[in-house]
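Asks: Structure below; questions to follow.
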Amino acid sequence: MTKEERIKKRYNAEKRFKLYGITSVVLAILFVVFLIHVIFSKGSSAFQKTTINVELNFTLDSLYLDPNPSKDDLENVEYYDLAIESLLKVYQVNGLKEEKALINLFSPDYEYEVRDFLIKNPEFINKKTILKLTASDDIDQLHKGNYPRHLPEDRRRINDFQLMMYDKLVEQNKIDKIFNNYLFQKGDSRNPELAGIGGALVGSFFTIIITLLLSFPIAIFASIYLEEFAPKNRVTDFIEININNLAAVPSIVFGLLGLGILLSTFDLPRSTPLVAGITLALMTLPRIIIPCRASLKAVPPSIREGALAVGASKVQSVMHHVVPLAIPGTLSGTIIGLAQALGETAPLILIGMVAFVVDIPSIPTDPSASLPVQVYLWSEQAERGFVEKTSATIMILLSFLITLNFIAVYLRQKFERKW
Amino acid sequence: MNLVILILIGIFSYTSFIYGRSRIKKITTSQSIKINALPNYYGYYLALWCALPSLIILLVWSIFEASIIKGLISQTLSQNELNVYTSDQINLIYQKIVSLYNGNFSGTITNEIKQGAEDYKSFLSIAQSSKVVLLLSTAILTITYGIKRISKNNKARHDVEKILTGLLFVCSLVAILTTLGIIFSLLFESIKFFSAINIFDFLFGTSWSPQRAFVRDASAISAEEYADLKNAFGSVPLFAGTAFIALIAMTVAVPIGLFSGIYMAEYASIKVRKFSKPIIEILAGIPTVVYGFFAALTVGPFFREFGEKLGLEVSSESALAAGLVMGVMIIPYVSSLSDDVINAVPQSLRDGSYAVGATKSETIKRVVIPAALPGIVGSILLAVSRAIGETMIVVMAAGLAANLTINPLESTTTITTQIVMLLVGDQEFDSPKTQSAFALGLTLFFATLILNYIALRFVKKYREKYD
Amino acid sequence: MISNNIKIKTQDLNVYYGEKQALFNVNLDIHSKEVTALIGPSGCGKSTFIRCINRMNDVIDICKIDGSIKIDDKEIIDNNVDVVRLRESIGMVFQKPNPFPKSIYDNISYGPSIHGLADNKSDMDKIVENSLKKAALWEEVKDRLDEPGTGLSGGQQQRLCIARAISVNPEVILMDEPCSALDPIATAKIEELIDELKKSYTIVIVTHSMSQAVRVSQRTGFFHLGKIIEVDTTEKIFKNPGNQMTQDYITGRFG
């Protein structure tokens, strides 16, 4: 091999090597794009729901009401007949079978939707109006184009008669797509069109607040102690090793801790944000302590000396000078730790947050779900409508995480000092 | 109630702060002595005397109140002469009593439960009032003591700072307490488990089917039952499945992660780096449940369809899908760690290599990577430890059947999946089935601990070399 | 003008950093209201010595001190001494200016506020103004007291640190190579300031520059390898040193 050939070969090797690098980076970025694309394309339709326009006539007779009913009366009255009658007016059907097929176009909660409307708008008594009642999951998916209507009838849940009704309703402009308020207002449900992340949002909120309240002060105090006051001895070394190890312990082990100690030994209530918050706080603690210590360490010793030299005590020099300077760094570390806790699922499953909870929790000791757990629960459901709901939940979860990380980066860049 | 108490303690402490401050001002002006600390510190001093003991008592009280009341009620239940209950039954009745008290009980209310709920109510109110009395008297006592000390104390700042440092120290102990808590809760249940199941059967048995373990009471297992159980808790298939999926994940993550780390550290312009590094790190910030959903919804079915076209039988929950997606998740751990490690290699080494006419890739392959190798190995080990502890992806995409297989297209199960499966749903706490989850947790805990220890040793050695 | 009041008296001072001994039996008297310069080659223990006087070495865990340092006949190498009180009466200026990343005003007011020297805002204003005036910085910064101290030039930062040291009314000011990070013009200003300050304070200055020692000090001590070789009036040290080593050092034969 001549010298020229050799050099050429070496340069080719160089090019190949560089190509591997570029390919890897591009692949990694493509994964991100693909993942986000899949989630968004599946999930964005969940922010709308399909409704069927129904004309209602709120006569006192059909509601069995006396004139001038009170609010209590309105709440306790029977809406079933009025609702059914109105539904049947949507399309001319013959026989019980067809009637049932028609009613099944609507979500099972139509009766309550009628009631809630009248309670909110009592002025419609004795008047006619058109309401947009929520359609059933199958119609919803059909209208969004996710339903395999080309399958033979015996392999789909919507029968041919219902399909025909649906097409007629579309022709008559009786089907609409509106903003899906249920997604944010409702708790979990077995019916995808009625399921919402309201409970999970509140549950996650309670959980993360408890995590913050517990882990932030303890982590800051512990970091200050270890970085500024701790003598160099075995106890300190032991604490340090412990913290580093805890940061790497799999999250599911913290779930076992929550189950074994918090639930069995201390008898705290299962499935609640309280226990979830404590468990996640223990998990997050070392993950916050490590960046907190780094930002304390970044404050140059000359600042401490300056304070000590004018006669500040050790505590004063730390509290008046070092800690304020380290705060932005500690905050951004805390926020990133909390973002991780917000997306954590496995430990919450172990402490029973997988329970089916319809009600939206009002205090941290109510059973509840959380956003990531809701993703897990819905992903196990067979109904087609839950796929878009799951993806939408992920979109909301990711948007929270991105916001949190953005704040952390902003804090770091805005307040970062170069010493 | 506790909130009210906390607010009261807060108000008391604030008043003590004001009082302490003004009192010391009065003393100094009337007796014209120079004090050794700012008046504020006397305020803090008194406030600490007021708040700290009460808070500690409140904390201890809150921790033990529930279990003490439970103990008292269980005692009454077990003294019942008509029925003899097992501890599980007592637990169940206790749950019913509490829910009756809270007003969300549905079912038949027996006399016993009704009586229990009344007892519960009276215990609660006794506890409530004695708590208030205790706290109030403690606060009064400690404040009086504090006020007495103030006039004689010339070192308020010193004392306050000492307490503060003590508080900081206690906070740093939480880490140790957490570790102890983990070890305690895992060991406690595991020991019970291993008293029923031989530890060697657990570690080396090759058949895992815990659903066979219908035995309720782990401590009283007959010889026949044991012969049956012996084959229910052989965890080798789980270890193998875990290792197998981790291996698939690493074959994805190591090349891609390492090459992107190298590219970022050695080739990329500042602009490219600034843009692509955060994007790759998004992968590390995405919750694992999202990857699990992605694997189950997109990747798994894709492989199945693809396999069907090739005439292969692919399970929709396969080791391949789970491992692949897990590998994607781990890429940023490998890439950013190796990026850091490579950046730490001193420029002088590279200069030496360039000076003899080596190309960039030759320098990287022959000089930089060998120099950075311990650090790279360390970061890969950390990634492995993450892979074996990962839960949601495998729960959602790898399957439940404990197959001892090396076919990546079949479904396999892992330690973490089984822990979740054993503990979800209704559990009897004292059955070997639940306890085995803790034994698995213990194994996982030690496995990751050892991996991390070795990894950190590698990284530390490497740092010492170049820092 | 040589005063005979001894302000600081050290006897048999030994300092160890772990295994390593940094100072050996240092006996040195520092006289009141004059400038004592400490010279010597790098690593000879000058800085270690002045950091003993305000017990700044306490910050370093492995540092151990024995022997005696008396300030106004009061022992300070003693665990019962409150280092906070001590440092209130002994100010220190460091090699590199280290203003707090706060406003100029807050930099000065910090010391007085933790020691409770001002009862109200106008007292504090007065302290700040006086300190800045004494440090010859007032005219330059009086209109921008709320700007960050880190925005000043190096020389101004160092004078700000001197003002900060003065703000708590110390008796002694320790200066650890205060001009080593400054340009000649800023150095000249600081030296002028030192000359002015010695009327009210006892000053100990560690310096690398022998000409600086000659310009600002009345008395000079020469350190070598942790030992004090010779201490006398500056005039005598530089004109007629009593020790051959001193002679070699000041004539530039080593160091």
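Chains A, B and C, in that order, give the protein sequences. Following this note's numbering, the numbering of the first sequence begins with 1 at its first residue and continues without gaps. Following this note's numbering, the numbering of the second sequence begins with 1001 at its first residue and continues without gaps. Following this note's numbering, the numbering of the third sequence begins with 2001 at its first residue and continues without gaps. Note that the Cβ used here is the ideal one computed from N, Cα and C, for glycine as well.
I need the straight-line Cα distance from residue 2151 of chain C to residue 1367 of chain B, nearest angstrom please.
Replies: For the purposes of this step, residue 2151 of chain C is taken as the residue at position 151 of the third sequence. For the purposes of this step, residue 1367 of chain B is taken as the residue at position 367 of the second sequence. Going by the C-alpha atoms only, they are around 44 Å apart.
Asks: Straight-line CA distance for residue 394 of chain A to residue 29 of chain A?
Replies: Position 394 of the first sequence holds residue 394 of chain A. Position 29 of the first sequence holds residue 29 of chain A. Looking at the two C-alpha atoms, the distance is approximately 19 Å.
Asks: I want to verify the contact list: residues of chain A whose CB lies under 8 Å from the CB of residue 2091 of chain C, in sequence order.
Replies: Numbered from 1 along the third sequence, position 91 holds the residue referred to as residue 2091 of chain C. Ordered by position in chain A, the residues that pass the 8 Å Cβ test against residue 2091 of chain C are 309, 310.
Asks: Of the choices A/72, A/377, A/53, whose alpha-carbon is the least far from that of residue 128 of chain A?
Replies: Position 128 of the first sequence holds residue 128 of chain A. Cα-wise, what sits closest to residue 128 of chain A is A/53.
Asks: How far does the beta strand (DSSP E) with residue 1050 of chain B in it reach, from first residue to last?
Replies: Taking the second sequence and counting its residues from 1, the one referred to as residue 1050 of chain B is at position 50. Not the beta strand (DSSP E): residue 1050 of chain B falls in the alpha helix (DSSP H), residues 1039-1078.
Asks: Can you check which of these residues, C/2025, C/2124, C/2169, is closest to residue 2201 of chain C by C-alpha distance?
Replies: For the purposes of this step, residue 2201 of chain C is identified with residue 201 of the third sequence, where counting begins at 1. Comparing Cα positions, the closest option is C/2169.
Asks: Do you know how far the Cα of residue 392 of chain A is from the Cα of residue 2111 of chain C?
Replies: As a working mapping, residue 2111 of chain C is identified with position 111 in the third sequence. As a working mapping, residue 392 of chain A is identified with position 392 in the first sequence. For residue 2111 of chain C and residue 392 of chain A, the distance between alpha carbons rounds to 56 Å.
Asks: Residues of chain A with a CB under 9 Å from the CB of residue 2061 of chain C: which are they?
Replies: Numbered from 1 along the third sequence, position 61 holds the residue referred to as residue 2061 of chain C. Chain A residues near residue 2061 of chain C: 231, 232.
Asks: In chain C, which residues lie less than 8 Å from residue 397 of chain A when you measure between Cβ atoms?
Replies: Reading the first sequence from its first residue, position 397 is the one you call residue 397 of chain A. None at all; the shortest Cβ gap to chain C is about 38 Å.
Asks: When the Cα atoms are used, what is the spatial distance from residue 209 of chain A to residue 342 of chain A?
Replies: By one-based count along the first sequence, residue 209 of chain A stands at place 209. By one-based count along the first sequence, residue 342 of chain A stands at place 342. For residue 209 of chain A and residue 342 of chain A, the distance between alpha carbons rounds to 10 Å.
Asks: With distance defined between alpha-carbon atoms, name the residue in C/2195, C/2094, C/2064 nearest to residue 2016 of chain C.
Replies: By 1-based counting over the third sequence, the position of residue 2016 of chain C is 16. For the residues C/2195, C/2094, C/2064, the minimum Cα distance to residue 2016 of chain C belongs to C/2064.
Asks: Would you mind reading off the limits of the beta strand (DSSP E) that contains residue 2091 of chain C?
Replies: The residue labelled residue 2091 of chain C in the question sits at position 91 within the third sequence. Per DSSP, residue 2091 of chain C belongs to the beta strand (DSSP E) from 2090-2093.
Asks: Comparing the C-beta of residue 1038 of chain B with each C-beta of chain C, is any distance below 8 Å?
Replies: Within the second sequence, numbered from 1, the residue matching residue 1038 of chain B stands at position 38. At least one chain C Cβ lies under 8 Å of residue 1038 of chain B.
Asks: What number of angstroms, rounded off, separates the C-alpha of residue 1002 of chain B from the C-alpha of residue 1078 of chain B?
Replies: Here residue 1002 of chain B corresponds to residue number 2 of the second sequence, with the count starting at 1. Here residue 1078 of chain B corresponds to residue number 78 of the second sequence, with the count starting at 1. Those two C-alpha atoms are separated by around 31 Å.
Asks: Which residue comes first and which comes last in the beta strand (DSSP E) that contains residue 2063 of chain C?
Replies: In the third sequence, residue 2063 of chain C corresponds to position 63, counting from 1. Unbroken beta strand (DSSP E) run through residue 2063 of chain C: 2063-2071.
Asks: Using a C-beta cutoff of 8 Å, does residue 316 of chain A count as contacting chain C?
Replies: Within the first sequence, the letter at position 316 stands for residue 316 of chain A. At least one chain C Cβ lies under 8 Å of residue 316 of chain A.
Asks: Could you tell me if residue 193 of chain A is buried or exposed, where buried requires 16 or more neighbouring beta carbons within 10 angstroms of its beta carbon?
Replies: Against the first sequence, residue 193 of chain A aligns to sequence position 193. By the 10 Å Cβ count, residue 193 of chain A comes out buried.
Asks: Are the C-beta atoms of residue 295 of chain A and some chain C residue less than 8 Å apart?
Replies: As a first step, residue 295 of chain A must be located in the first sequence, where it is residue number 295. No, residue 295 of chain A does not count as interfacial toward chain C.
Asks: If we cut at 8 Å on Cβ distances, does residue 2088 of chain C have a partner in chain A?
Replies: As a position in the third sequence, residue 2088 of chain C is number 88, starting the count at 1. At least one chain A Cβ lies under 8 Å of residue 2088 of chain C.
Asks: In whole angstroms, what separates the C-alpha of residue 1155 of chain B from that of residue 200 of chain A?
Replies: The count along the second sequence starts at 1 and reaches residue 1155 of chain B at position 155. The count along the first sequence starts at 1 and reaches residue 200 of chain A at position 200. Cα to Cα, residue 1155 of chain B sits roughly 52 Å from residue 200 of chain A.
Asks: Identify every residue that forms a DSSP beta bridge with residue 409 of chain A.
Replies: For this step, residue 409 of chain A is matched to residue 409 along the first sequence. Partner(s): none; residue 409 of chain A has no beta bridge.
Asks: List the endpoints of the continuous alpha helix (DSSP H) containing residue 1102 of chain B.
Replies: Here residue 1102 of chain B is taken as the residue at index 102 of the second sequence, counted from 1. Run containing residue 1102 of chain B: 1087-1102, per the alpha helix (DSSP H) assignment.
Asks: Apart from the five residues just before and just after residue 218 of chain A, which ones in its own chain have a Cβ nearer than 7 Å to its Cβ?
Replies: Taking the first sequence and counting its residues from 1, one reaches residue 218 of chain A at position 218. Answer for residue 218 of chain A: 285, listed in chain order.
Asks: Given this structure, state the Cα-to-Cα distance separating residue 1383 of chain B from residue 1250 of chain B, to the nearest angstrom.
Replies: By 1-based counting over the second sequence, the position of residue 1383 of chain B is 383. By 1-based counting over the second sequence, the position of residue 1250 of chain B is 250. Looking at the two C-alpha atoms, the distance is approximately 8 Å.
Asks: So residue 1359 of chain B contacts chain A; which residues on that side make the cut at Cβ distance below 8 Å?
Replies: On the second sequence, residue 1359 of chain B is found 359 positions in, with the first residue counted as 1. What residue 1359 of chain B touches in chain A: 10, 11, 13, 14.
Asks: Below 9 Å between beta carbons is the criterion; list the residues of the stretch 381-392 of chain A that meet it against any residue of chain B, in chain order.
Replies: Within the stretch 381-392 of chain A, the residues whose Cβ lies closer than 9 Å to some Cβ of chain B are 387, 390, 391, listed in chain order.
Asks: Mind pulling the chain B residues with CB within less than 8 Å of residue 354 of chain A?
Replies: Taking the first residue of the first sequence as position 1, residue 354 of chain A is located at position 354. Within chain B, the residues near residue 354 of chain A are 1424.
Asks: Looking at chain A, is there any beta carbon in it that lies within less than 8 Å of the beta carbon of residue 2241 of chain C?
Replies: Residue mapping note: residue 2241 of chain C aligns to position 241 of the third sequence, counting from 1. No, its Cβ sits nowhere closer than 8 Å to a Cβ of chain A.
Asks: Which residue or residues does DSSP assign as beta-bridge partners of residue 2223 of chain C?
Replies: As a working note, residue 2223 of chain C is residue 223 in the third sequence. According to DSSP, which records beta bridges pairwise, residue 2223 of chain C is partnered with C/2228.
Asks: Are three or more beta carbon pairs between the stretch 2068-2086 of chain C and the stretch 2118-2138 of chain C nearer than 8 Å?
Replies: Output reads no: the stretch 2118-2138 of chain C does not touch the stretch 2068-2086 of chain C.
Asks: Check whether the Cβ atoms of residue 1378 of chain B and residue 1458 of chain B sit closer than 8 Å, and answer yes or no.
Replies: Locating residue 1378 of chain B in the second sequence gives position 378, counting from the first residue. Locating residue 1458 of chain B in the second sequence gives position 458, counting from the first residue. Contact: yes.
Asks: With a threshold of 8 Å between beta carbons, is residue 1189 of chain B in contact with chain A?
Replies: Looking up residue 1189 of chain B in the second sequence gives position 189. Taking Cβ atoms only, chain A reaches closer than 8 Å to residue 1189 of chain B, which makes this a yes.
Asks: Nearest by alpha-carbon distance to residue 1346 of chain B: which of B/1122, B/1401, B/1369 is it?
Replies: By one-based count along the second sequence, residue 1346 of chain B stands at place 346. Out of B/1122, B/1401, B/1369, B/1369 has the C-alpha closest to the C-alpha of residue 1346 of chain B.
Asks: Between residue 195 of chain A and the rest of its own chain, which residues show a CB-CB distance below 7 Å, the 5 nearest in sequence each way excluded?
Replies: Counting from 1 along the first sequence, the entry for residue 195 of chain A is found at position 195. Closer than 7 Å at Cβ, skipping near neighbours: 186, 188, 189, 389.
Asks: DSSP on residue 2034 of chain C, reduced to helix/strand/coil?
Replies: Sequence index remark: in the third sequence, residue 2034 of chain C carries index 34 (1-based). Note: residue 2034 of chain C maps to coil in three-state DSSP.
Asks: Using a Cβ-Cβ cut-off of 8 Å, state whether residue 271 of chain A counts as contacting chain C.
Replies: By 1-based counting over the first sequence, the position of residue 271 of chain A is 271. By this cut-off, residue 271 of chain A is not an interface position.
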